[in-house]
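Colleague: Position one of the sequence shown corresponds to residue 1341 (our numbering), numbered consecutively onward.
All residues carry an ideal CB built from backbone N, CA and C; glycine is no exception.
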Amino acid sequence: MPLCMGIAIASGMPPAAGLITGIIGGLVVGFLAGSPLQVSGPAAGLAVLVFELVREHGAAALGPVILVAGAIQLIAGLCRAGVWFRMTSPAVVAGMLSGIGILIVASQAHVLMDAAPKARGLENFAALPAVLWQAISAGTGRTALFVGLATIGIILAWEKLRPQRLRFLPGALIAVVAVTATAQLQGLDVNRVDVPSNLFSAISIPSFSDIFGVFNHTLLVSAVTFAFIASAETLLSAAAVDRMHQGARTQYDRELAAQGVGNMLCGFLGALPMTGVIVRSAANVQAGAATRASTILHGSWLLVFAMLLPWLLRMTPVACLAGILVYTGVKMIKIGQVKELATYGRGTAAIYLATTFAIVATDLLTGVLIGFGLSLFRLALHSSRLKVEVREHADKKDEMHLTLQGSATFLKVPAMARTLESVPPNTALHLDVAKLHHVDHACIELLRDWSRNAASRGCELVVDWKELDRRVEGKRTVESAPLVESRKAA
């Protein structure tokens, strides 16, 4: 419940919007889910996207965008496309989560002092010293800062010291209860959460004009972005949950379709978007959950508290929820992953860092696209990796051997051309393609051109052209070698 309300505030939406999403995630998605022990609800990973969308287009645009995003997820699940959402570079996903964590910390540090966050991550960092100085010197926000820091301290202490028999109680809940009780007893002057007496009054069904208004370029891109990031986070979380227990395994397509239904319902009711959340899911498993009933009960308890005890929720200091989100954001920033990712190559670690800093410096979508672009560029470099080795024949001075190992693509044309140009006149060049996995049109044409022109220098290219043609991507007619008769390289 604290996370639901805190994420809603971080998203620029009323706390009730987060509660509605949590209820739907438990009752509806919990019943339909392909990952029975995964708990769905509003996620910190989408808070940044929601905040940007609401700031630029207003809260009225959020519902239709989430509705379309949910439809995309539902269609993808029915088309069995769940596995495709898992085909994402771990470095990009890790960088995305770290970047989101940094943005959450930067924005909620302002809320921690009862100040309004800025629009961009760098703006939040730039304005933070002034807000902090004002809280310390002028006293504006000092009490809220104390409340937020106390919340973080209690969470850290509980995570370190909690008894084994109480491991199912999250530190955030303990912190909220303790800090809220203290704030009430002491009569602290801090901003409180605004929750309506009737939760149903917070429902905001989009109008037809709002729904049809989503079909413009900007909002459609937002819907696709929501669908992709929510799906990737959900399915990666489901895979992590599977590693925590020995029960039923995740049916990824069913989980994706269930998330789609849930997000369509959230969009229709004007609530926040949802994903499968690893923090809630891990707590669910650690508490001994064995069936989907625990997830459904999660939503049921949220509904009971929101309907029967709204007055209790209104006692919660906003700074307390901000403290929870600052803690959550810091947990998402895993700089230690750089060392782990570097074991798969420095390029992998570089993609992680580039994605993280690009998200902080620009926005979430741009940062993720930069990460994907770098991943594709690195993939292209790896797929075109070619080892070119030239050696002279031990006994015959007029004979050389050229070995190609790997993939010969257009990116390697300059290197191959330099090698061929270095062949002395009156030399028979034997080409060994036994270790050549792939050759593209550009490289094979380079070899044919050199073979045609070599005669003027007294050279010839000796290669099994049929064997070489079999390594060309795609279907093509096998051509006979020009100028010289094909024969195996000696």
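Using the DSSP secondary-structure output, state which residues sit across from Glu1499 in a beta bridge.
Modeller: Here residue 1499 is taken as the residue at index 159 of the sequence shown, counted from 1. Paired residue(s): none; Glu1499 is not in a bridge.
Colleague: Quick check for students: name the residue ranges of the alpha helix (DSSP H) that lie wholly in the segment 1723–1784, counting only runs of 4 or more.
Modeller: 1753–1761, all fully within the segment 1723–1784.
Colleague: So, is Phe1552 buried or exposed, given that buried needs 16 or more other C-beta atoms within 10 angstroms?
Modeller: The sequence position of residue 1552 within the sequence shown is 212, counting from 1. By the 10 Å Cβ count, Phe1552 comes out exposed.
Colleague: Have a look at Ala1629 and Val1644 and give me their C-alpha separation to the nearest angstrom.
Modeller: What you label residue 1629 is simply residue 289 of the sequence shown in a count that begins at 1. What you label residue 1644 is simply residue 304 of the sequence shown in a count that begins at 1. Near 20 Å, if we compare the C-alpha coordinates of Val1644 and Ala1629.
Colleague: Starting from Val1802, trace the beta strand (DSSP E) in both directions and tell me its first and last residue.
Modeller: On the sequence shown, position 462 is the one that residue 1802 refers to. Taken as a continuous stretch (DSSP letters only), the beta strand (DSSP E) holding Val1802 covers 1800–1802.
Colleague: Kindly identify the DSSP beta-bridge partner or partners of Pro1657.
Modeller: On the sequence shown, position 317 is the one that residue 1657 refers to. Answer is Arg1532.
Colleague: Report all residues from its chain with a CB closer than 6 Å to the CB of Ile1699; omit the five preceding and five following residues, and keep chain order.
Modeller: Locating residue 1699 in the sequence shown gives position 359, where the first residue counts as 1. Correct list, in chain order: Gly1439, Gly1707.
Colleague: According to DSSP, simplified to helix, strand and coil, what is Ser1380?
Modeller: Locating residue 1380 in the sequence shown gives position 40, where the first residue counts as 1. DSSP places Ser1380 in strand when its eight states are reduced to three.
Colleague: Could you name the residues that DSSP lists as bridge partners for Val1812?
Modeller: The sequence position of residue 1812 within the sequence shown is 472, counting from 1. Val1812 pairs with Val1779.
Colleague: Within 10 angstroms of the Cβ of Ser1762, are there 16 or more other Cβ atoms? Answer buried if so, exposed if not.
Modeller: By one-based count along the sequence shown, residue 1762 stands at place 422. The residue in question, Ser1762, is exposed, as its Cβ has fewer than 16 Cβ neighbours within 10 Å.
Colleague: Just mark Asn1538 as buried or exposed, buried being the case when its beta carbon has 16 or more other beta carbons within 10 Å.
Modeller: In the sequence shown, the residue the question calls residue 1538 occupies position 198. Asn1538 is exposed by the Cβ-count criterion.
Colleague: Decide yes or no for the touch test of the segment 1607–1618 against the segment 1371–1389: beta carbon pairs closer than 8 Å, at least 3 of them.
Modeller: With a cut-off of 8 Å, the segment 1371–1389 and the segment 1607–1618 count as touching, because enough Cβ pairs lie within range.
Colleague: Under 8 Å, do Pro1510 and Ala1682 count as touching if we go by C-beta distance?
Modeller: Counting from 1 along the sequence shown, the entry for residue 1510 is found at position 170. Counting from 1 along the sequence shown, the entry for residue 1682 is found at position 342. No; because the gap between Cβ atoms is not below 8 Å, this pair is not in contact.
Colleague: Would the segment 1460–1471 count as touching the segment 1485–1495 if we require 3 or more Cβ pairs under 8 Å?
Modeller: Touching, no, given that fewer than three Cβ pairs across the two stretches are closer than 8 Å.
Colleague: Within the same chain, show all residues whose beta-carbon is closer than 6 Å to that of Val1838, passing over the 5 residues directly before and after it, in chain order.
Modeller: Any question about residue 1838 goes unanswered here, given that the chain covers just 1341 to 1830.
Colleague: State the beta-bridge partners of Gly1616 as determined by DSSP.
Modeller: Residue mapping note: residue 1616 aligns to position 276 of the sequence shown, counting from 1. Paired residues: Ser1380.
Colleague: Entirely within the segment 1554–1586 and at least 4 residues each: give me those alpha helix (DSSP H) ranges in chain order.
Modeller: Fully enclosed alpha helix (DSSP H) runs of 4 or longer: 1557–1582.
Colleague: For Ala1623, verify whether its CB is less than 7 Å away from any heavy atom of the ligand GDP.
Modeller: Among the components of this structure there are no ligands whatsoever, and the ligand GDP is therefore not found.
Colleague: Pull up the distance between the alpha-carbon of Val1519 and that of Thr1702, whole angstroms please.
Modeller: Start at 1 with the first residue of the sequence shown, and residue 1519 comes out as number 179. Start at 1 with the first residue of the sequence shown, and residue 1702 comes out as number 362. Distance between the alpha carbons of Val1519 and Thr1702 is about 35 Å.
Colleague: Whole-angstrom Cβ separation of Ile1618 and Ser1577, contact assumed at under 8 Å?
Modeller: Here residue 1618 refers to the residue found at position 278 of the sequence shown. Here residue 1577 refers to the residue found at position 237 of the sequence shown. Right, their Cβ atoms sit about 4 Å apart.
Colleague: By how many angstroms is the C-alpha of Val1779 removed from the C-alpha of Arg1725?
Modeller: Translated into positions along the sequence shown, residue 1725 becomes position 385. Translated into positions along the sequence shown, residue 1779 becomes position 439. Going by the C-alpha atoms only, they are around 11 Å apart.
Colleague: Determine the burial state of Ala1830: buried for a count of at least 16 other Cβ atoms within 10 Å of its Cβ, exposed for fewer.
Modeller: The residue given as residue 1830 occupies position 490 in the sequence shown. Here Ala1830 scores only 35 on pLDDT, less than 50, and its place in the model should not be relied on; the value that follows carries that caveat. Exposed, because fewer than 16 other Cβ atoms sit within 10 Å of the Cβ of Ala1830.
Colleague: Looking at C-alpha atoms only, which residue of Leu1605, Ala1633, Leu1596, Leu1661 is the closest neighbour of Val1517?
Modeller: By one-based count along the sequence shown, residue 1517 stands at place 177. With distances taken between Cα atoms, Val1517 lies closest to Leu1661.
Colleague: By Cβ distance, which residues of its chain are closer than 6 Å to Leu1443, with the 5 residues on each side in sequence left out?
Modeller: As a position in the sequence shown, residue 1443 is number 103, starting the count at 1. Val1388, Gly1461, listed in sequence order.
Colleague: How should Gly1676 be labelled, buried or exposed, when 16 other C-beta atoms within 10 angstroms of its C-beta is the threshold for buried?
Modeller: Looking up residue 1676 in the sequence shown gives position 336. Exposed, by the Cβ-count rule.
Colleague: In whole angstroms, what separates the C-alpha of Lys1752 from that of Lys1775?
Modeller: The residue labelled residue 1752 in the question sits at position 412 within the sequence shown. The residue labelled residue 1775 in the question sits at position 435 within the sequence shown. Going by the C-alpha atoms only, they are around 16 Å apart.
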